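S.K.: Note that the numbering used here has the sequence shown beginning at 53, numbered continuously upward. Sharing a structure with you now.
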Amino acid sequence: MTDTDSVSLQFDLEETGRMLTVRFMTTKRLLVAFVTDGNYLRHDQLAVAAAASNAWNTEQLNPMLSVWDVRGPRPCLAGVCDLPLTCRVTQADFDALASDWVERARQMFTRCHEVFQL
53 MTDTDSVSLQ FDLEETGRML TVRFMTTKRL LVAFVTDGNY LRHDQLAVAA
103 AASNAWNTEQ LNPMLSVWDV RGPRPCLAGV CDLPLTCRVT QADFDALASD
153 WVERARQMFT RCHEVFQL
């Protein structure tokens, strides 16, 4: 799916029966990949989701997972990756990086589903 501000791709997350949605968008300085699995959190799940996020980020040594929009009506788990817009990479290198982001997101959301029942 595309619009004037972003491009979204979907991937099957077979392990959990959900779809990963990766939305690429830009800010003034960054290319941002925002990843969700379409699962909204109940308010009684926010503490567990925050603990899962903290555990993942600590174990991976690469902060990526967050509880997104906790003040909104429908908070969710989200993976966020970014690159400075000023960086230069070949198409092949960007493809490899984006594939790595998707694979890490797949592992992250599968773990959140299996271990934390999120």
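All C-beta atoms, glycine included, are put in the ideal place defined by N, C-alpha and C. None of these values were measured; they are calculated from a predicted model.
Shorter than 8 Å, the distance from the beta carbon of L117 to the closest heavy atom of the ligand ZN, or not?
M.R.: The ligand content of the structure shown is nil, which means the ligand ZN is not present either.
S.K.: Using the Cβ count rule (16 or more neighbours within 10 Å means buried), how would you classify D57?
M.R.: Translated into positions along the sequence shown, residue 57 becomes position 5. It counts as exposed.
S.K.: Over the uninterrupted alpha helix (DSSP H) stretch that includes Q159, give me the two end residues.
M.R.: Taking the sequence shown and counting its residues from 1, one reaches residue 159 at position 107. That run of the alpha helix (DSSP H) goes 143 to 168.
S.K.: What three-state label does DSSP hand T138 in the structure shown?
M.R.: As a position in the sequence shown, residue 138 is number 86, starting the count at 1. Correct three-state label for T138: coil.
S.K.: If we require 3 or more residues per run, which beta strand (DSSP E) segments fall completely within the segment 90 to 131?
M.R.: Within the segment 90 to 131, the complete beta strand (DSSP E) runs of at least 3 residues are 117 to 120.
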